[in-house]
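> Quick one: structure below, then a few questions.
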Amino acid sequence: MARPVKTPRMSDGSGNVIMVGVIKKEEELSPFGPPSSPNSAMYSPSATLLPNEVSFCDGGVIGEIPQCSPESPDQHFCSSTTSALADANTSIGEDLKDDESPRRLCLVCGDVASGFHYGVASCEACKAFFKRTIQGNIEYNCPAANDCEINKRRRKACQACRFQKCLEKGMLKEGVRLDRVRGGRQKYRRNNEVPYIVSVSSQFKPSLEDNKLLEILLGCEPEILSIVPEREGRPVLSPLNILSELYDKELVNVIGWAKQIPGFTDLSLTNQMRLLQSTWTEILTLSLAFRSLPPCGKLNFAADFIFDEMLAQECGAMDLYQLCLVITDRLQNCSICKEEYILLKALVLANSDVRLDEALALKQFRESIVSALMDCVAIMRGNSAEMANILLCLPVLRQADHTLRSFWTNVHRRGAVVMNKLFIEMLDPPLRS
């Protein structure tokens, strides 16, 4: 039986303290109905990383508690299966090092990592192996049962299992530039088939007005939710109940938001659902983190519902609270602006590693967002190579996926709050490739 709960108190903006009630009613959105209007209320949640305060480990299969021994390479660094992207001069994931961080180990073989390569902390040997495999389009076959142990001493024993482990740990094929040749770098060529292209003549410099995808995303960016005092005669909600209703509303809003992104509805309904099921936690967490800038130890879940450490302890959500603060600090450290955040959020949706049967359509969807984000960064910062700093926010978002699913799954199993059917179904871990 759920214990008695306290009534959260919030300010009404004029200095008066009010009792918190239910979420403001909105028009119910069907998860797979027609896209809502660009002005419909939609919203999502999130946080930043302070060195030596929080350590993460790769969770492997989403939905399971990650177990890391002190000697495990996963204990030293957590990576994500997020896409590594490239600009004209820099291949994202190559030679990106953090001198201020403690020594990391390669997530593939356990050797000393030389930096972030293709989205993952890895050594030079595994970096080169992965690059050769992708550029050469090499296919390997395991002579055993595809479960060979890969470590520093045995990393050359089975190429098939080594490559598979590279993928499992988060190395991205998209991070390897296929236009490289021996003797130096070639100029990066953008895929002309990508739906989004910014054309620039020698007489005109690009501007954000040329970024059509950004214009669309700005138009459908959801507004923050709010809480209103409970009507007389109805029970007052606990902080945990408020969180549950906020997440439920935001989940529905994310579905409506995604349907307005060009290219998303080109996918089959099944694949749309798979993408959303695998990324909604990261999308909400990223949104929460951006709303909570600048970092102050509090999370802005709603316009009048500020989540602090005391409420986190009361809800039993300290892990989630601390991780969201980590992401908020990450966003602050990379000085992300609203336009970059909006495109990054769309990239999170398109960058899922869930298994789909429309690989080409997904690739085109993702590349259109990548192109828009690269151009936006180049305009806002003067150098698209700065996008590498923004992409470093993505690995910890994948950790948030596991933390968020685990928290609400445990809440549901305890029967601590009543949760809607869609919310419960979306907690199931997706089948990742």
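Take our numbering: the last position of the sequence shown gets the number 1617, and nothing is skipped along the way.
We put the CB at the ideal spot given by N, CA and C, even for glycine.
1) Could you tell me how far apart the beta carbons of Leu1402 and Ile1526 are, in whole angstroms, since I believe they sit closer than 8 Å?
2) Whole angstroms are fine: how far does the CA of Ile1511 sit from the CA of Val1580?
3) Give me the Cα-Cα distance between Ala1312 and Asp1331, rounded to the nearest whole angstrom.
4) Go to Asn1484, then tell me how far its beta strand (DSSP E) extends in each direction, as first and last residue.
5) Do the CB positions of Cys1310 and Cys1293 come within less than 7 Å of each other?
6) Pull up the distance between the alpha-carbon of Ala1530 and that of Phe1607, whole angstroms please.
7) Look at the alpha carbon of Gly1243 and the alpha carbon of His1586, and state the distance between them as a whole number of angstroms.
8) List the whole-angstrom C-beta distance separating Val1601 from Ser1428, where the pair is believed to meet the contact cut-off of C-beta under 8 Å.
9) CB of Leu1397 to nearest heavy atom of the ligand COA: below 6 Å?
10) Out of curiosity, what's the CA-to-CA distance linking Leu1451 and Asp1541?
11) Nearest to Leu1477 by alpha carbon, out of Ile1400, Leu1509, Tyr1302 and Ala1496?
12) Quick check on Val1420: does DSSP put it in helix, strand or coil?
13) Is the stretch 1489-1509 close to the stretch 1553-1565, with three or more CB pairs under 8 Å?
14) Do you know offhand how far Glu1393's Cα is from Arg1288's?
15) Check whether the Cβ atoms of Gly1440 and Phe1549 lie closer than 7 Å to each other.
16) Less than 7 Å separating the beta-carbons of Ser1686 and Asp1488?
17) So the candidates are Thr1593, Pro1406, Ser1471 and Asn1455; which of them puts its Cα closest to the Cα of Ala1501?
18) Go to Phe1300, then tell me how far its beta strand (DSSP E) extends in each direction, as first and last residue.
19) For the alpha helix (DSSP H) that contains Val1561, what are its first and last residues?
20) Quick check on the DSSP output: the beta strand (DSSP E) that includes Ile1490 runs from which residue to which?
21) In the stretch 1311-1343, which residue ranges form an unbroken beta strand (DSSP E) of at least 3 residues, counting only runs that do not cross its ends?
22) Along the beta strand (DSSP E) that carries Ala1305, what are the first and last residues, could you check?
23) Tell me the rounded alpha-carbon separation between Met1571 and Val1420.
24) Quick check: what's the CA-CA separation for Asn1437 versus Asn1604?
25) Measure the beta-carbon distance from Val1532 to Ile1467 and round it to whole angstroms, keeping in mind my assumption that it falls under 8 Å.
Based on what the coordinates show:
1) The residue labelled residue 1402 in the question sits at position 218 within the sequence shown. The residue labelled residue 1526 in the question sits at position 342 within the sequence shown. Separation of the CB atoms of Leu1402 and Ile1526 is rounded to 6 Å, and the pair is thereby assigned contact status at 8 Å.
2) Counting from one through the sequence shown, the residue named residue 1580 turns up at place 396. Counting from one through the sequence shown, the residue named residue 1511 turns up at place 327. One C-alpha to the other measures close to 7 Å.
3) The residue you call residue 1312 lines up with position 128 of the sequence shown. The residue you call residue 1331 lines up with position 147 of the sequence shown. Distance between Ala1312 and Asp1331, taken at the CA atoms: about 22 Å.
4) Start at 1 with the first residue of the sequence shown, and residue 1484 comes out as number 300. Segment Leu1483 to Ala1486, the beta strand (DSSP E) holding Asn1484.
5) Counted from its first residue, the sequence shown places residue 1310 at position 126. Counted from its first residue, the sequence shown places residue 1293 at position 109. Against a cut-off of 7 Å, the Cβ pair of Cys1293 and Cys1310 comes out as a contact.
6) For the purposes of this step, residue 1530 is taken as the residue at position 346 of the sequence shown. For the purposes of this step, residue 1607 is taken as the residue at position 423 of the sequence shown. Distance from the CA atom of Ala1530 to the CA atom of Phe1607, rounded to whole angstroms, is 21 Å.
7) Residue numbering aside, residue 1243 sits at position 59 when the sequence shown is read from its first letter. Residue numbering aside, residue 1586 sits at position 402 when the sequence shown is read from its first letter. Residue confidence for Gly1243 is low, a pLDDT of 35 falling below 50, so the modelled location carries little weight and cannot support an answer.
8) Mapped onto the sequence shown, residue 1601 falls at position 417. Mapped onto the sequence shown, residue 1428 falls at position 244. Indeed, because the Cβ distance is near 5 Å, the residues count as touching under 8 Å.
9) Summarising the ligand content, the structure contains no ligands, and the ligand COA is consequently not present.
10) Counting from 1 along the sequence shown, the entry for residue 1451 is found at position 267. Counting from 1 along the sequence shown, the entry for residue 1541 is found at position 357. Those two C-alpha atoms are separated by around 10 Å.
11) Here residue 1477 is taken as the residue at index 293 of the sequence shown, counted from 1. Minimum Cα-Cα distance from Leu1477 among the listed residues Ile1400, Leu1509, Tyr1302 and Ala1496 corresponds to Leu1509.
12) In the sequence shown, residue 1420 corresponds to position 236, counting from 1. Note: Val1420 maps to coil in three-state DSSP.
13) By the C-beta criterion, the stretch 1489-1509 is judged not to be in contact with the stretch 1553-1565, since fewer than 3 inter-stretch pairs fall below 8 Å.
14) On the sequence shown, residue 1393 is found 209 positions in, with the first residue counted as 1. On the sequence shown, residue 1288 is found 104 positions in, with the first residue counted as 1. Rounded to whole angstroms, Glu1393 to Arg1288 spans 42 Å at the Cα level.
15) Here residue 1440 is taken as the residue at index 256 of the sequence shown, counted from 1. Here residue 1549 is taken as the residue at index 365 of the sequence shown, counted from 1. When the beta-carbon positions are compared, Gly1440 and Phe1549 stay at least 7 Å from each other.
16) This structure gives no information on residue 1686, because the portion of the chain shown stretches from 1185 to 1617.
17) Indexing the sequence shown from 1 puts residue 1501 at position 317. Out of Thr1593, Pro1406, Ser1471 and Asn1455, Thr1593 has the C-alpha closest to the C-alpha of Ala1501.
18) In the sequence shown, counting from the first residue as 1, residue 1300 sits at position 116. Per DSSP, the unbroken beta strand (DSSP E) holding Phe1300 starts and ends at Gly1299 to His1301.
19) What you label residue 1561 is simply residue 377 of the sequence shown in a count that begins at 1. Ala1543 to Arg1565 is the extent of the alpha helix (DSSP H) around Val1561.
20) In the sequence shown, the residue the question calls residue 1490 occupies position 306. Ile1490 -> beta strand (DSSP E) spans Phe1489 to Phe1491.
21) None, since the stretch 1311-1343 contains no complete beta strand (DSSP E) of that length.
22) As a first step, residue 1305 must be located in the sequence shown, where it is residue number 121. Taken as a continuous stretch (DSSP letters only), the beta strand (DSSP E) holding Ala1305 covers Val1304 to Ser1306.
23) Working through the sequence shown from its first residue, we reach residue 1571 at position 387. Working through the sequence shown from its first residue, we reach residue 1420 at position 236. In this structure, the CA atom of Met1571 is about 45 Å from the CA atom of Val1420.
24) Against the sequence shown, residue 1437 aligns to sequence position 253. Against the sequence shown, residue 1604 aligns to sequence position 420. Computed Cα separation, rounded: 14 Å.
25) Here residue 1532 refers to the residue found at position 348 of the sequence shown. Here residue 1467 refers to the residue found at position 283 of the sequence shown. Under the criterion of beta carbons closer than 8 Å, Val1532 and Ile1467 qualify as touching, at roughly 6 Å.
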